[in-house]
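One structure is given here, and the rest of the page talks about it.
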Amino acid sequence: MNSTQTKKQTIMLKLSGASLKDGDSDNPISFDVLQHLAEQVKLLTPYYNIAIVLGGGNIWRGKIVKEINMERHQADYMGMLATVINSIALESAFKNNGIKTKVYSKLEITKVCDDYLIRNVLNDLENGVVTILAGGTGSPFFTTDTGSAIAAIEIKADAILMGKNDVDGVYSDDPKVNPNAIFYPKLTYDDLFVKDLKVMDATAISLCKEYKISLIVFKINEKWSIIKTLKKENKFTLIN
1 MNSTQTKKQT IMLKLSGASL KDGDSDNPIS FDVLQHLAEQ VKLLTPYYNI AIVLGGGNIW
61 RGKIVKEINM ERHQADYMGM LATVINSIAL ESAFKNNGIK TKVYSKLEIT KVCDDYLIRN
121 VLNDLENGVV TILAGGTGSP FFTTDTGSAI AAIEIKADAI LMGKNDVDGV YSDDPKVNPN
181 AIFYPKLTYD DLFVKDLKVM DATAISLCKE YKISLIVFKI NEKWSIIKTL KKENKFTLIN
C-alpha cells in the first residue's frame, strides 16, 4: 500500500464461499463477515483496482452430485448460481458502506447482474469501481479457480490473493492433520506440480504461470487479513 504510487496495481481477491460463513454457523452467509470484508476493501480502494471472485461452497458442494445421481453439468450450473448469490450479497454490503461496486456474471442472468463484457469490467476498474465477477467461466466442467485465473488474465491483474479458511499458506501436508507439515513461504508454479501441492487446479496453475500472475495464499478468516497480507504483516505463501 503506497499512496505515492502513480498507477494503481490491479489485484484479484479469490475467496471461498465458505469464507462468508461465521465459524460453524448453519447460516451460509454472515453479515459480520460481509461487513468486515467491506471495511477492508473500502480502505484498499484508494491504492488498488480490485476485482473479486467468490466460490459457492457455502451454498452448494459438488460432492453431493453422486449422492443424488445428478448430471455433472447440472451440478456445475448450480455451483455457478451459488457464486451469483454470494456476489449479490457482497455487492449489497459494499454499497451499504459507500463502495462503488458492480457484479458481472459470465452466466447470463441479466435481471440480476450485468453480463460479463471485459471492456466494461476494465472501464469500471479504471474508474475505481470494485468489480465482483460471478458465474465462474459460464460453462460447466471448469472450477472457480480456473474462472478466476482467466479473469485475472483478462483484467491484467498483478496478483491473485487467495483467501483460505483456517490455513495461513501452503504446507507440504494438511497442518491440521500433520503437525510436522512444512510451511512454504515462497514457491514457484513448477513446485506445485513437482510437490503435488493442491493449491489450485492444474489448468488454473498453468494459466497463472504462463501469464506471470503472482499468487498469494493467506488465511482469510482473521481480522484485517487482506490488509495485513498486502502490508506483509502476516504469514502467507507467495507463488510466482
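So that you can map any letter, position 228 of the sequence shown is 228 in UniProt numbering, and since no number is skipped, the others follow by simple counting. No residue lacks a Cβ here, since even glycine has one placed at the ideal position from N, Cα and C.
Excluding the 5 residues preceding and the 5 following residue i in the sequence, name in chain order all residues of the same chain whose CB lies nearer than 8 Å to its CB.
i	result
Arg72	Val65, Pro140, Phe141
Lys176	Asp166, Val167
Would you kindly check if the distance between the Cβ of residue j and the Cβ of residue i is under 7 Å?
i	j	result
Leu107	Gly135	yes
Ala152	Ala204	no
Lys14	Asn49	no
Leu187	Ile220	no
Gly57	Gly17	yes
Ser87	Leu54	yes
Ala169	Phe236	The sequence given here places Gly at residue 169; Ala does not occur at that position. Yes.
Ala202	Met12	no
Asn97	Ala38	yes
Ser105	Val84	yes
Would you list the one or two residues that DSSP bridges to residue i?
i	result
Lys186	Leu238
Gln9	Tyr48
Ser214	Ala159
Ser92	None; Ser92 has no bridge partner.
Thr203	In the DSSP output, where bridge partners are listed per residue, Thr203 has none listed.
Ser105	Asp115, Ala134
Val170	Tyr184
For residue i, which residues in the same chain have their Cβ closer than 6 Å to its Cβ, ignoring the five residues on either side in sequence?
i	result
Ile182	Ser172
Thr144	Gly55, Gly136
Leu192	Val199, Ile205
residue 301	Coverage of the chain is limited to positions 1 through 240, which leaves residue 301 absent and any answer about it impossible.
Lys223	none
Counting only the same chain and skipping the five closest in sequence on each side, list residues whose C-beta sits under 7 Å from that of residue i.
i	result
Thr4	Reliability of the predicted coordinates at Thr4 is poor, the pLDDT of 49 falling under 50, and no value is obtained from them.
Tyr189	Ile205, Cys208, Lys209, Ile239
Thr229	Leu161, Ile216, Phe218, Phe236
Leu122	Ile155
Leu125	Thr10, Asn49, Ala51, Thr131, Ile155
Measuring alpha carbon to alpha carbon, tell me which residue in the options is nearest residue i.
i	options	result
Ala159	Gly128, Lys212, Asp115, Val33	Lys212
Thr198	Lys164, Trp224, Glu222	One point to set straight first is that residue 198 is Lys, not Thr, in the sequence displayed. Per the Cα distances, Lys164.
Trp60	Val41, Asp32, Ala75	Ala75
Val112	Lys102, Pro185, Gly128	Lys102
Ala93	Ser214, Glu233, Leu81, Gln35	Gln35
Leu81	Asp115, Ile109, Asn180, Ile68	Ile109
Quick one: does residue i have its CB under 7 Å from some CB of chain B?
i	result
Asp173	Looking for chain B here will not work: only one protein chain is present.
Relative to the ligand MG, is the shortest distance from any of its heavy atoms to the C-beta of residue i smaller than 6 Å?
i	result
Asn165	Annotation note on the ligand MG: not contained in the displayed structure, which lists no ligands.
Quick one: which unbroken beta strand (DSSP E) runs of 3-plus residues sit fully inside the segment 12 to 66? Chain order, please. With a minimum length of 3 residues, the continuous beta strand (DSSP E) runs that stay inside the segment 12 to 66 are 48 to 54.
Would you list, in sequence order, the uninterrupted beta strand (DSSP E) runs of no fewer than 3 residues that lie entirely inside the segment 123 to 150? Contiguous beta strand (DSSP E) elements confined to the segment 123 to 150 occur at 130 to 134, taking only those with 3 or more residues.
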